[in-house]
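All remarks here apply to the structure that follows.
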Amino acid sequence: MKSLPSLAYSNASEPDYPAVGSPSFGILSTYPPTRCGVAGFGAALANGLYRNGADVSVVRVADGVSTDDSRVIGELANGSAASVSGVADLLSRSDIAVIQHDFGIYGGVDGSEVVDIVDALQVPSIVVAHTIPKDLTRHQRSVFESLLALADQVVVMSGAASTRLCVGFDVDRRKVVTIPRGAAIPTGPRMKRSGRPTLLTWGLLRPGKGVERVIDSMGSLHRLTGQPRYLVAGQTHPRTLAVDGEAYRDARIEQARSGGVAGSVHFDASYRDVPTLTALVMSAAAVVLPYDSTDQVSSAVLVEAIACGRPVVATAFPHAVELLSSGAGIVVGHDDPEALQSALHAVLSQPRLAGAMAAEARKLAPEMAWPVIARSYQAVAQRILSRRRSEPAWPR
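Structural data, given as structure tokens:
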């Protein structure tokens, strides 16, 4: 594979948030070297807050891997009452605690230990809700709503997420605020793409990723100029790997072979850091998000594709419908293979269309820069602290 260019990254405009007045933040999250979406989000948010002048400390969810990151001041050992108490004390050293929440991260029945942590805090809390599932058990719902009740503010990442949370759950709507996901914004010169046009899907691989949809479409694209290829980049999700090994990846490789498109479908399980991944994304003709999910209200891959200025083709999950509505991509039905083939064909064969989509993506990108997103968190934190000062009896 040819080498990819190094890229510079934008910090967006100079922070207009005064460093001296910024609250300090204690973040509870999975965190690198853990490889998952929440960990990457937590690290990027911490960096963005730091760039904007905030003091940031992190308590990471322990996973048996050590870190030498100076921001990490402790670890949460799931299943340990002493650790739950200790983590609350550590987070309470900051002005604001930011709790990254996703299902499956925390200990206790259905993750109930995070409720105990937030309940024990001596400082206000912002809960970042990464997913808002439609279907929860009664106890899962009870745990989640208990967490929402304790939070001073609840951050969601899309309008669809806000609507689902406010309509489907018992939550004080005044607490809910939408702050989009952030992304690294490349600032180098636009890449001149040569060789075979690449359709790219990336991220942790597991059932539900939907790559079989694109593999099924590749046979209809082989006559296009340049003989486009489909690249699936990313390691297998750790939880999938632990249960099923590489069964999903192997099945998709066999699907490509039996369908006669093995020469046009490639899998790359390499781990990439942010600059290397960004260079890969920018080298793609288009990014494809063929996900099975019909209820995904936040997608890091979608945001990162837009931040890199790439055209997107996606199935109609809520975040894609919302973010691509202005023309940065094409949304197709989950069960409409002809629409998917048509969309891929159009992006690959109509330069003006692809160029217009890329231009719209570049127009959207600046507001996704992490320092911009971090300023929104700082503004929320300031409002909470001001409210606490003016209303000492503010109910949690």
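Under the working numbering, the sequence shown has 442 at position 374, and the numbering climbs by one with no breaks. By construction, the Cβ of each residue, glycine as well, lies at the ideal position given by its N, Cα and C atoms. These numbers were taken from a predicted model, which means no experiment stands behind them.
- At the C-beta level, V223 and T246 come within 9 Å of one another.
- The count of Cβ pairs closer than 8 Å, one atom from the segment 155–165 and one from the segment 91–108, reaches three, so the stretches are in contact.
- Minimum Cα-Cα distance from A228 among the listed residues P248, H290, R206 corresponds to P248.
- Excluding residues up to 5 positions away in sequence, G94, S125, V127, I141, G142 lie with their Cβ nearer than 8 Å to the Cβ of L158 in the same chain.
- In this structure, DSSP gives A353 a state outside helix and strand, which the three-state scheme calls coil.
- Per DSSP, reduced to three states, the secondary structure at G328 is coil, with no helix or strand assignment.
- The Cβ-Cβ distance between L421 and V355 does not fall below 9 Å.
- Comparing alpha-carbon positions, the option among R307, Y298, D123 lying closest to I321 turns out to be Y298.
- For Y298, DSSP records a beta bridge to L267, V333.
- A straight-line Cα-Cα distance of about 25 Å links L432 and Q168.
- Going by DSSP, I194 is part of the beta strand (DSSP E) stretching over 193–197.
- A contact is defined here as three or more CB-CB pairs under 8 Å, and the segment 437–445 meets this definition with respect to the segment 105–124.
- DSSP, reduced to helix, strand and coil, places G116 within a helical segment of the structure shown.
- Around the beta carbon of T205, fewer than 16 other beta carbons lie within 10 angstroms, which makes this residue exposed.
- Between V389 and V381, the gap from beta carbon to beta carbon reaches 9 Å or more.
- Within the segment 344–404, the runs of beta strand (DSSP E) at least 3 residues long that lie entirely inside it are, in chain order, 354–357, 380–383, 397–400.
- Beta-bridge partners assigned by DSSP to A411: none are found.
- Per DSSP, reduced to three states, the secondary structure at T304 is strand.
- Non-local beta-carbon contacts of I283 in its own chain, meaning distances under 6 Å to residues more than five positions away in sequence, involve Q323, A324, V333 in chain order.
- Of the candidates S351, P379, P254, P379 places its Cα closest to the Cα of E428.
- Under the 8 Å Cβ criterion, the segment 404–421 counts as touching the segment 287–296, having at least three qualifying pairs.
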